[in-house]
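Quick notes on the structure that follows.
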Amino acid sequence: MTVDVHTHLVPKGWPDLSVACGGHGWPWLRIDSERAAMIMIGSSEFRPIGPQTWDPAVRRADMDADGIDLQVVSPTPVFFGYERPAAQAVKLARIFNDLTLETLAGDERFVPFCQVPLQDPDAACAELDRCRAAGHAGVEIGNHVGDKDLDDPGIVAFLKHCAETGTPVLVHPWDMPGGPRLDRWMARWLTGMPAETHLSLLAMILGGAFDRLPPSLRICFAHGGGSFAFWLGRLENAWHRRGDLVRGCSEHPPSAYLDRILVDTVVFESAPLRLLVDTLGEDRVLVGSDYPYPLGERPVGEVVRKAGFLTADQQHKLRTGNALRYLGRPV
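Numbering (the UniProt record's numbering) for the sequence shown: 1 to 331.
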């Protein structure tokens, strides 16, 4: 059995959001053919998509081809709506969360994760509870809300609610900085996404979020945790040598929090995968793919299957056991 904990969808049939949610400038879908569409933001093309994003039959066929038994299906971050007034974001979340369940139609091979209006922690908790009751198994959140990182008191309160309700959390980078140096070659995705995830982990540690949250919180960081594992030594050195500036609110050095962190395997090569296993431990790494987007891994899980340094027991953990524990399912 292989579980993929990091995939996305764009549900079918979403309405004109300016009418349904209020306001202007929402993403909309330009239909180019029966099998091709373009997510638009205003008059700008954001991302081409195909039936993999909205057709469960196509997803199942790809899962069969890649040997994937179970797939966690999360929102596409461009639809988070964190920059919107909270009332609009609540309407947006309800629309997309309900459409996600409708699109996946209760197929047991899909594990739906919802989105929440994270800019309003109370509304986020209420939407999470509504979604869990309706059939969502977890929640995907962005790594920041404007200038608020994951150590913000409101976000910590939401994460505490996730821990109390046994809800797994997937942290996905989004809203990366732009500019002339980053708008070439998809540099915002190639450098900005790893940096954003690294920064969110620093916030969880140095901002004291992990110290304020129970160890029962199951939280996974996308794309192998960004650049965090590679630069842990630099962070640890800075914490000890420049504690006056670096320690922040953390009670312990950064290495003491590694057993609180889960990451996926979207790193594509054996060397960085080995770094993740060596740094975080074989129980903290889970197969992920970023399916169906072009910067994801296909075939899904190939980096794990080809990792000759993994024992059979470690292979099982990365492909199955760790993900089932993350989802709160029997191993």
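The beta-carbon is built from N, C-alpha and C at its ideal position, and this holds for glycine as well. Note that the structure is predicted; figures quoted are calculated from it, not measured.
Spatially closest choice to K12 from C21, G22, W28, by CA coordinates: W28
Residues bridged to I31 [DSSP beta-bridge criterion]: A37
Reduced DSSP secondary structure (H/G/I, E/B, other) of P272: helix
Where L9 falls: helix, strand or coil (DSSP): coil
Nonlocal neighbours in the same chain, by C-beta distance under 6 Å from A124, ignoring five residues either side: V116, P117, L118, F158
Beta carbon of T2 nearer than 9 Å to that of V266: no
Pair within 9 Å by beta-carbon distance, S200 and D147: no
Buried versus exposed call for H223 [16 or more other C-beta atoms within 10 Å across all chains shown]: buried
Residue of G281, A271, L202 minimising C-alpha distance to S250: L202
Unbroken stretches of the alpha helix (DSSP H), 4 residues or longer, contained in the region 120 to 161: 121 to 134
The region 261 to 277 in contact with the region 235 to 245 per 3-pair CB rule at 8 Å: no
Nearest candidate by alpha-carbon position, reference R284, set Y293, W239, R47, T320: T320
Status (buried if at least 16 other CB within 10 Å, exposed otherwise) for L92: buried
Helix, strand or coil at Y82 according to DSSP, with G and I counted as helix: coil
Residue burial classification, L170 (beta-carbon count within 10 angstroms, cutoff 16): buried
Cβ separation of L245 and V111, assumed to be a contact under 8 Å, to the nearest whole Å: Rounded, the Cβ-Cβ distance is 41 Å, inconsistent with contact.
Residue burial classification, L104 (beta-carbon count within 10 angstroms, cutoff 16): buried
Status (buried if at least 16 other CB within 10 Å, exposed otherwise) for R218: buried
C-alpha distance - G25 paired with T7, whole-angstrom precision: 26 Å
Three-way DSSP call (helix, strand, coil) for H172 in this model: strand
Anticipated Cβ contact below 8 Å, G135 with L101, distance rounded: 5 Å
Alpha-carbon to alpha-carbon, G296 and D62: 13 Å
Cβ neighbour criterion (16 or more within 10 Å) applied to S18: exposed
Per-residue DSSP class, three states only, for V267: coil
Terminal residues of the alpha helix (DSSP H) in which P194 lies: 193 to 206
Integer Cβ distance of G23 from Q88, believed to fall under 8 Å: 5 Å
Residue burial classification, E140 (beta-carbon count within 10 angstroms, cutoff 16): buried
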